[in-house]
Amino acid sequence: MSAYTTNTGGGETEKINTNIVTLTRFLTEEQAKHKEATGDFTLLCHALQFSFKSIAYYIRRATLVNLTGLAGSSNTTGDDQKKLDVISNDLFIEAMRSSGKCALLVSEEEEEVIFFRDATGARYAVACDPIDGSSNLDAGVSVGTIFAIHKLPDGSSGTKEDILKPGTELLAAGFTMYGASAQLVITMKGGSVNGFTLDNGVGEFILTHPDMRLPKSRAIYSVNEGNSLYWEDKTKNYFNSLKELQDNGKPYSARYIGSMVADAYRTLLYGG
Numbered sequence: 002m003s004a005y006t007t008n009t010g011g012g013e014t015e016k017i018n019t020n021i022v023t024l025t026r027f028l029t030e031e032q033a034k035h036k037e038a039t040g041d042f043t044l045l046c047h048a049l050q051f052s053f054k055s056i057a058y059y060i061r062r063a064t065l066v067n068l069t070g071l072a073g074s075s076n077t078t079g080d081d082q083k084k085l086d087v088i089s090n091d092l093f094i095e096a097m098r099s100s101g102k103c104a105l106l107v108s109e110e111e112e113e114v115i116f117f118r119d120a121t122g123a124r125y126a127v128a129c130d131p132i133d134g135s136s137n138l139d140a141g142v143s144v145g146t147i148f149a150i151h152k153l154p155d156g157s158s159g160t161k162e163d164i165l166k167p168g169t170e171l172l173a174a175g176f177t178m179y180g181a182s183a184q185l186v187i188t189m190k191g192g193s194v195n196g197f198t199l200d201n202g203v204g205e206f207i208l209t210h211p212d213m214r215l216p217k218s219r220a221i222y223s224v225n226e227g228n229s230l231y232w233e234d235k236t237k238n239y240f241n242s243l244k245e246l247q248d249n250g251k252p253y254s255a256r257y258i259g260s261m262v263a264d265a266y267r268t269l270l271y272g273g
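Under our numbering, read the sequence shown as residues 2 to 273, first letter to last.
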């Protein structure tokens with residue numbers, strides 16, 4: 002049996018699914034599909050998973066333990082760093098270092114590429130933004146982690162060129178959104194897009210959105226129109242056309258949170 006029913010107390014019954022697919026189980030099953038797999042990629046993903054869980058924990062407690070303020074420094078793009086930016090960046094660095102499977106890490110919070118020369122035989126390069134949208138933390142708006150994984154060419158011990166590649170060559174990529182719950186969305190080369198929700202009770206990411214697909218159409222657009230002054234005329238004309246009556250007799254609706262991961266996740270779920 003994979004599902005049971007319980008009485009909720011009001012005469013209603015609730016189905017409980019016991020055939021739970023955790024991220025750990027999912028990665029193990031994916032690894033088993035590839036006879037050539039060594040397990041290194043799976044171990045790297047476990048290290049990433051630890052980072053996401055840790056960041057989710059600190060974000061939940063950020064206001065209580067005064068982690069939402071500025072750290073007194075700025076990152077590579079000139080943004081003022083929050084305390085959580087610094088903590089999350091350190092978590093990522095140590096998780097990648099301790100995995101032994103990451104040869105180099107690029108972080109938005111760091112000026113230079115971080116090389117892990119002690120990771121002998123490491124075959125992966127990781128790029129990340131530990132917390133995108135951290136300026137929203139004080140307001141309790143959802144923020145997120147963005148990550149991408151490249152595989153090093155045979156014989157390479159890790160160079161900048163190994164990470165400066167087109168997205169079509171990515172081995173895996175995804176994001177984790179920290180909101181009402183932590184939502185991890187990941188895709189691997191040749192595979193589908195899958196969504197996981199962090200169950201804080203058991204401390205595991207649970208597969209809740211298998212084989213995610215963008216809906217074909219939805220009359221919603223998401224963009225920061227405050228930058229429209231700098232847009233090309235073609236771009237301006239396109240968005241102006243969305244505000245006109247469409248075939249259904251209604252214009253498009255704007256939905257813009259101001260946190261890239263949250264906007265991307267909503268669009269992935271509902272279209273637009």
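Glycine included, every Cβ here is placed at the ideal spot set by N, Cα and C.
Taking 7 angstroms as the cut-off, decide whether the C-beta atoms of residue i and residue j are in contact.
i, j, result
"SER55", "PHE93", "no"
"TYR222", "LEU246", "no"
"TYR125", "LYS152", "yes"
"SER100", "LEU44", "yes"
"ALA123", "ALA96", "no"
"GLY159", "ARG219", "no"
"ALA183", "ALA48", "no"
"SER157", "PRO131", "no"
Quick check on DSSP: helix, strand or coil for residue i?
i, result
"THR268", "helix"
"PHE117", "coil"
"LYS190", "coil"
"SER136", "helix"
"GLY159", "coil"
"LEU106", "strand"
"ALA96", "helix"
"MET2", "Summary for MET2: the model assigns pLDDT 40, below 50, so the residue's position carries little reliability; its value from the coordinates is reported in the next sentence. Reduced to three states, the DSSP call for MET2 is coil."
"ILE258", "coil"
"THR23", "strand"
"ASP234", "helix"
"LYS54", "helix"
Report yes or no: is there a C-beta of chain B within less than 7 angstroms of the C-beta of residue i?
i, result
"THR160", "Checking the listed chains, one finds no chain B in this structure; it contains a single protein chain."
In the DSSP assignment, what residue or residues form a beta bridge with residue i?
i, result
"PHE151", "Going by the sequence as given, residue 151 is His instead of Phe. Per DSSP, ALA126."
"GLN1", "With the chain covering 2 to 273 only, the question about residue 1 has no answer from this structure."
"PHE206", "LEU199"
"THR173", "Residue 173 is actually Ala in this sequence, not Thr. DSSP, once it has assigned bridges, lists ILE150 and MET189 as partnering ALA173."
Quiz item: Between the stretch 133 to 145 and the stretch 178 to 189, do at least 3 Cβ pairs fall closer than 8 angstroms?
Solution: yes
Quiz prompt | Contact between the stretch 207 to 223 and the stretch 190 to 199 (3+ Cβ pairs under 8 angstroms) | solution = yes
Quiz item: Can at least three beta-carbon pairs, one atom from the stretch 133 to 140 and one from the stretch 110 to 121, be found at a separation below 8 angstroms?
Solution: The stretch 133 to 140 is not in contact with the stretch 110 to 121.
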